[in-house]
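Engineer: Pasting a structure here, questions to come.
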Amino acid sequence: MNFINLITKKKNKGVLTKDEIDYIIDSIGTAPDYQYSALLMAICLNGMNKEETVNLTYSMLHSGSIMDLSGINGLKVDKHSTGGVADTTTMILAPLTASLGLPVVKMSGRGLGFTGGTVDKFESIPGFKLDMPMEQAVKQVNDISLVIMSQTKNLCPADGYLYKLRDVTGTVESIPLIASSIMSKKLASGTDGIVLDVKCGNGAFMKNKEDAISLAKTMIEIGESLGKKVSAIISDMSQPLGNNIGNTIEVIEALEVLKGNLKGDLYDVSLTLGSDMLVIGGIAEDTDTARKMLEENIANHKGLEKFRELISYQGGNPDVIDDYSLLKEPLYKKEIFLDSGNVKHLNAELLGRIACALGAGRTTHDMPVDSSAGIILNYRVGDSYDSSLPFAVLQTDKEDVLMEAERIFKNAVTLTEENVEKTNPIIMHI
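Sequence positions in the sequence shown follow this note's numbering and run 1 to 430.
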């Protein structure tokens, strides 16, 4: 085969065969970056059909190691979010579903840019470790039904290579490339079923409902074609999912949900995803029954105690559940006051970027994060705001960024004298 011929074929809207796609993935490390960049651009412009997308996923899936979870009893179900702001669902649904006997092996990554990373959030718990050998992870799941792990470099290395090129060549926005990237990593993690949370809105990669639906359906088709059970929801990311944007403060918000002290959008999305996980895993017959089971294990604190057990098993200090002062405190806090009005809009992406500038996120993979930095929102879309009260609190260890952060924050919020309806975080269930 000739790489140039394959570029030309895709440029002319041709369909790549399985052997041609395998050749493309097998040539990583020998063919030059510029040829891959040209091919990725041709795919971005002309797309891929279902068969091509499945074959690309399969080839990337087998470019590295595949986790062997056969030593774990029961169906293993994973959850994947396409990324958003204040999205702390994993910290809620993982211990909740595990407390009902579902084996949960959650492999997560760090945050980059304005979307937070699950690894960063768990690492903000003192002592919590996410790197462990597979044998230890399997034993832990058999002991307590739950493990949280950081992603390994041997998992889908071809995807890692292609993603770095996509990121710098303007070829990220391609549904076949996004779908195959996500699904190859999830399938390589050895899961039996996957529940997808496809975000839609200004704070998500998919800005409109149509693209979000297309991505969700493509990923479902990929999973089912490879024998996996897959479901998806489309959820709203036009405002942050939770009220806290940052690492330790998102841990606190998740714990408040598990303690039964907090409801709202984060609660609803977490329980919707968790219900699907229980149905796919055979724990519940339907989602209504599953949701009642999850609600019961919030009320009786079994989900909370499973979180305490998880922290203890992975070297963390479980006392943080009862004493939030054990989490890192910021050096500086600034209350933000605005003019009175009804909250019409909260720009999730801009708020995420502000939190990142405060120190809660990173712009390069090796950049350290300030676990205490972030934004605490006291109001959401549809709420009525009184200017005598703080609308939000900014937290950081970097005093010099506060003034600019406050200025930009005011551009992220739209207030109006008109009444504003509260939004439903669940756009649709697929």
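Glycine included, each C-beta is placed from N, C-alpha and C at the ideal position.
1. Are the Cβ atoms of LEU331 and LEU294 separated by less than 7 Å?
2. Assign ASN247 to one of three DSSP states: helix, strand, or coil.
3. Below 7 Å between beta carbons: does that hold for PHE391 and LEU351?
4. DSSP state of LYS398, grouped into three classes?
5. Between LYS11 and MET48, what straight-line distance do the alpha-carbon atoms span, to the nearest angstrom?
6. My assumption, with CB atoms under 8 Å, is that ILE43 sits in contact with LEU177. Please give the rounded CB distance.
7. Residues bridged to SER145 by DSSP?
8. Along the chain, where does the alpha helix (DSSP H) that runs through TYR23 open and close?
9. Enumerate, from N- to C-terminal direction, the unbroken alpha helix (DSSP H) stretches of 4 or more residues contained entirely within the stretch 224-280.
10. With ASP120 as the anchor, note down where its alpha helix (DSSP H) starts and where it stops.
11. Spell out the partners DSSP gives GLY341 in its beta bridges.
12. Please say whether LYS186 and ILE194 have beta carbons closer to each other than 7 Å?
13. Taking Cβ positions, are PRO240 and ALA86 nearer each other than 7 Å?
14. Is GLY316 near ILE92, with beta carbons less than 7 Å apart?
15. Going by the CB atoms, is the gap between TYR313 and GLN140 shorter than 7 Å?
16. Is the stretch 57-72 touching the stretch 243-263, taking contact as three or more C-beta pairs under 8 Å?
17. Relative to the alpha-carbon of LEU100, which residue among GLY201, ASN297, LYS422 has its alpha-carbon at the smallest distance?
18. Taking only three categories from DSSP, how would you classify GLU421?
19. What does a CB cutoff of less than 8 Å around GLY83 pick up in its chain, not counting 5 residues either side in sequence?
20. On a CA-only basis, which of LEU162, LYS263, ALA216, ASP236 is nearest HIS345? Give me that one, please.
21. How about SER225 and LEU56: are their beta carbons less than 7 Å apart?
22. So CYS44 is in the alpha helix (DSSP H); what residue range does that whole segment cover?
23. Measuring straight from C-alpha to C-alpha, what distance separates GLY156 and ILE408?
24. What do you get for THR416, buried or exposed, if any count of 16 or more other CB atoms within 10 angstroms of its CB means buried?
25. In chain order, what residues of the same chain lie with their CB nearer than 7 Å to the CB of LYS18, ignoring the 5 residues before and after it?
26. So, for MET107: in the same chain, excluding its five sequence neighbours on each side, which residues have a beta-carbon less than 6 Å away from its beta-carbon?
27. In whole angstroms, give me the CA-to-CA distance for GLN136 and LYS50.
28. Is the distance from the Cβ of GLN395 to the Cβ of GLY382 below 7 Å?
29. In angstroms with no decimal places, state the Cα-to-Cα distance between LYS229 and GLU305.
30. Please report the distance separating the alpha-carbon of TYR267 from that of LYS129.
31. Give a yes or no on whether the C-beta atoms belonging to ALA232 and ALA212 are separated by under 7 Å.
32. Could you tell me how far apart the beta carbons of LEU40 and LEU6 are, in whole angstroms, since I believe they sit closer than 8 Å?
33. According to DSSP, is LEU187 helix, strand or coil?
34. What do you reckon, are the CB atoms on MET277 and VAL77 nearer than 7 Å?
35. Starting from SER503, follow the beta strand (DSSP E) in both directions and report where the run begins and ends.
36. Note the first and the last residue of the continuous beta strand (DSSP E) segment covering GLY193.
Structural biologist: So, to answer that:
1. Taking the sequence shown and counting its residues from 1, one reaches residue 331 at position 331. Taking the sequence shown and counting its residues from 1, one reaches residue 294 at position 294. In this structure, LEU294 does not lie closer than 7 Å to LEU331 by Cβ.
2. Indexing the sequence shown from 1 puts residue 247 at position 247. Helix, per DSSP.
3. Residue 391 sits at position 391 when you count from the first residue of the sequence shown. Residue 351 sits at position 351 when you count from the first residue of the sequence shown. No, Cβ-Cβ distance for PHE391 and LEU351 is not below 7 Å.
4. For the purposes of this step, residue 398 is identified with residue 398 of the sequence shown, where counting begins at 1. Of the three classes helix, strand and coil, the one that applies to LYS398 here is coil, per DSSP.
5. By 1-based counting over the sequence shown, the position of residue 11 is 11. By 1-based counting over the sequence shown, the position of residue 48 is 48. Distance between the alpha carbons of LYS11 and MET48: 11 Å.
6. Here the question's residue 43 lines up with position 43 in the sequence shown. Here the question's residue 177 lines up with position 177 in the sequence shown. So it is a contact: roughly 6 Å between Cβ atoms.
7. To locate residue 145, count along the sequence shown from 1; it is residue 145. The partner list for SER145 (beta bridge, DSSP) is empty, contrary to what the question assumes.
8. Mapped onto the sequence shown, residue 23 falls at position 23. Looking at the DSSP string, the run of the alpha helix (DSSP H) that includes TYR23 is 18-26.
9. 247-258, 265-280
10. As a working note, residue 120 is residue 120 in the sequence shown. Unbroken alpha helix (DSSP H) run through ASP120: 118-123.
11. On the sequence shown, position 341 is the one that residue 341 refers to. DSSP output for GLY341 lists TYR385 as bridge partner(s).
12. By 1-based counting over the sequence shown, the position of residue 194 is 194. By 1-based counting over the sequence shown, the position of residue 186 is 186. Taking 7 Å as the Cβ cut-off, ILE194 and LYS186 qualify as a contacting pair.
13. On the sequence shown, residue 240 is found 240 positions in, with the first residue counted as 1. On the sequence shown, residue 86 is found 86 positions in, with the first residue counted as 1. Their beta carbons are under 7 Å apart, which means PRO240 touches ALA86 by this criterion.
14. In the sequence shown, counting from the first residue as 1, residue 316 sits at position 316. In the sequence shown, counting from the first residue as 1, residue 92 sits at position 92. It is not a contact, given that the beta carbons lie outside the stated cut-off.
15. Residue 140 sits at position 140 when you count from the first residue of the sequence shown. Residue 313 sits at position 313 when you count from the first residue of the sequence shown. Yes, they are a contact pair.
16. no
17. Position 100 of the sequence shown, counting from 1, holds the residue named residue 100. Among GLY201, ASN297, LYS422, the Cα nearest to that of LEU100 belongs to ASN297.
18. Counted from its first residue, the sequence shown places residue 421 at position 421. Residue state, collapsed to three classes: coil.
19. The residue you call residue 83 lines up with position 83 of the sequence shown. THR115, LYS199, ALA204, PHE205.
20. What you label residue 345 is simply residue 345 of the sequence shown in a count that begins at 1. The residue with the shortest Cα to Cα distance from HIS345 is ASP236.
21. The count along the sequence shown starts at 1 and reaches residue 225 at position 225. The count along the sequence shown starts at 1 and reaches residue 56 at position 56. In this structure, LEU56 does not lie closer than 7 Å to SER225 by Cβ.
22. The sequence position of residue 44 within the sequence shown is 44, counting from 1. 33-46 is the extent of the alpha helix (DSSP H) around CYS44.
23. Position 156 of the sequence shown, counted from the start, is the residue given in the question as residue 156. Position 408 of the sequence shown, counted from the start, is the residue given in the question as residue 408. Residue identity check: residue 156 is Cys in the sequence provided, not Gly. Each residue's Cα considered, the two are about 38 Å apart.
24. As a working note, residue 416 is residue 416 in the sequence shown. Label assigned to THR416: exposed.
25. For the purposes of this step, residue 18 is taken as the residue at position 18 of the sequence shown. Contacts found: ASN55.
26. The residue labelled residue 107 in the question sits at position 107 within the sequence shown. Only MET149, GLN151, SER189 meet the Cβ criterion.
27. Within the sequence shown, the letter at position 136 stands for residue 136. Within the sequence shown, the letter at position 50 stands for residue 50. If you take the alpha carbons of GLN136 and LYS50, they lie about 37 Å apart.
28. Taking the sequence shown and counting its residues from 1, the one referred to as residue 395 is at position 395. Taking the sequence shown and counting its residues from 1, the one referred to as residue 382 is at position 382. Cβ atoms of GLN395 and GLY382: not closer than 7 Å.
29. As a first step, residue 229 is located in the sequence shown; it is residue number 229 there, counting from the start. As a first step, residue 305 is located in the sequence shown; it is residue number 305 there, counting from the start. Spanning the two alpha carbons is a distance of roughly 29 Å.
30. Position 267 of the sequence shown, counting from 1, holds the residue named residue 267. Position 129 of the sequence shown, counting from 1, holds the residue named residue 129. Approximately 26 Å, taken between the alpha carbons.
31. As a first step, residue 232 is located in the sequence shown; it is residue number 232 there, counting from the start. As a first step, residue 212 is located in the sequence shown; it is residue number 212 there, counting from the start. Contact flag unset, no.
32. By 1-based counting over the sequence shown, the position of residue 40 is 40. By 1-based counting over the sequence shown, the position of residue 6 is 6. Incorrect: roughly 12 Å between the Cβ atoms, too far for contact.
33. Along the sequence shown, one-based indexing puts residue 187 at 187. In this structure, LEU187 counts as helix in the three-state DSSP scheme.
34. The count along the sequence shown starts at 1 and reaches residue 277 at position 277. The count along the sequence shown starts at 1 and reaches residue 77 at position 77. Yes. Within cutoff.
35. No answer is possible for residue 503: the residues shown for the chain start at 1 and end at 430.
36. Residue numbering aside, residue 193 sits at position 193 when the sequence shown is read from its first letter. Unbroken beta strand (DSSP E) run through GLY193: 193-200.
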